[in-house]
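As structure tokens, the structure follows; a few thoughts come after it.
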């Protein structure tokens, strides 16, 4: 779309009581300072948006004379038809006209919005306006016309390992999520790795302290010798123990029979001294005749039974004594001492052998801890690699995108990103000419920079508008911009003059 200005009419606008400008392809405005040259450009931005050329509020009312109403009208062609817009201000109240028809502010603004974006138009109309915007808005305006490089394009430009890894990961997650996931994972794994290192170190130190001093084979051989000797001594002790136990058992039984004999001797005395009572021992009835005889016979019978039992007790004892006489007690105190001595030698050896087993278990724990540490380190390195790959991706994406922007420019370059000390990519925006930032350019350099940039924006947006070049005396040469050119130039001592290309 191309916007062409045809004519501009100012009535009581700042220093201009009544001024008409007929535009050509090139319109030249000249005159001394304070002749109202810049005001002509300001009248157009005020007509459209109620602001000056740099986007600030503007009071259009005259200051050197009195006037009831201010009115600005612009006739232009939008590429298809002519449009006449007018804005007025009377006693602080604005009025709007579209093709001379009074209109509401909303309808007026809607027409403008349908024609072009406000910031874009002002950037194209005034080469200095773009640089008054916030850097984020400047960046957004430039990049909206530059296609960001595709993932595949960036992956291909990265080192193969990084590109392949990210290409596989983005099938499941976005780059932003990948970065968040692995930053969080890295943070956790950093702590886990420190803990794993500490555990491995502790186990290694314990192994060094607990390491057996004698080889296991030597301990087993020494134990085998002592065990064999102990078994031999134990066989002697066990054999002796059988005989000695038998002697002890016989002695015990003999003593019991002797005790039984002594008890029975006392019982015999009582039985022998027992007298036949004249009354029954049971029912206490007087005994008569046969009853007395029966009592005497009962006593004799009991004496006979007692003697038989007593004789058997004596015979049993004598038989045991005869058996005991055939046995000899074996003294194993020397063998017991020897066995104790051998066991005392075996016990520390067994403890050392157990230490070997414990040492083997600790070695397994240590190797397991080392494996866990290495596994954690591998996972940590993997996350670090992925985080670095994402950083590299954004850096390469920025590089490729900046290259696309730079390809559009001749004398300018644009800084879209900067790398921080931690390797992170931070978005920024800086226009440079010959390596100098825009804010450090001279007036003439800044004008040339603005003209080049506005032409790039015009080409990329496919919107062509007139350009108002103020203070053109500050620049001796410049490339003719796209669209109509309105040039304002200071000429000392001259009154205001306006000449279109056809005049």
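In this note's numbering, the protein residues as written are 44 to 546. A virtual CB, placed ideally from N, CA and C, is assigned to each residue, including glycine.
Note on the stretch 444-524: whole beta strand (DSSP E) runs with a minimum of 3 residues are 455-462, 468-476 and 510-512, in chain order.
Per DSSP, the continuous alpha helix (DSSP H) segment holding residue 206 begins and ends at 203-212.
Boundaries for residue 272: no beta strand (DSSP E) harbours it, while the alpha helix (DSSP H) harbouring it runs 259-315, taken from the DSSP string.
Distance between residue 539 and residue 218, taken at the CA atoms: about 60 Å. For residue 52, the CB contacts under 6 Å within the same chain, skipping 5 residues up- and downstream, are 63 and 116 in chain order. Between residue 48 and the set 542, 527 and 531, the nearest pair of CA atoms involves 527.
Burial is judged here by how many other beta carbons sit within 10 angstroms of a residue's own beta carbon; residue 216 has fewer than 16 and is exposed. Between residue 360 and residue 290, the C-beta gap is not smaller than 9 Å, which leaves the two residues out of contact. Here residue 216 carries a coil assignment [DSSP, helix/strand/coil]. Here residue 70 carries a strand assignment [DSSP, helix/strand/coil].
A Cβ-Cβ contact shorter than 9 Å links residue 512 with residue 490. In this structure residue 460 does not touch residue 178 by the C-beta definition: roughly 13 Å separates them, more than the 8 Å allowed. Residue pairing from DSSP places residue 137 in a beta bridge opposite 132. Excluding five sequence positions before and after residue 194, the CB atoms of its chain that fall closer than 7 Å to its own CB belong to 213, given in chain order.
As the crow flies, the alpha-carbon of residue 458 is around 59 Å from that of residue 251.
In the three-state reduction of the DSSP assignment, residue 430 falls in the helix class.
One Cα belongs to residue 319, the other to residue 301, and the distance between them is close to 31 Å. With respect to the 9 Å criterion, residue 190 and residue 439 are not classified as neighbours on the basis of their beta carbons. According to DSSP, residue 54 shares a beta bridge with 61 and 114. Taking 8 Å as the upper bound for CB-CB distance, residue 166 and residue 500 are in contact here, some 6 Å apart.
Fewer than three beta-carbon pairs drawn from the stretch 225-232 and the stretch 363-372 are found closer than 8 Å, and the two stretches are therefore not classed as touching.
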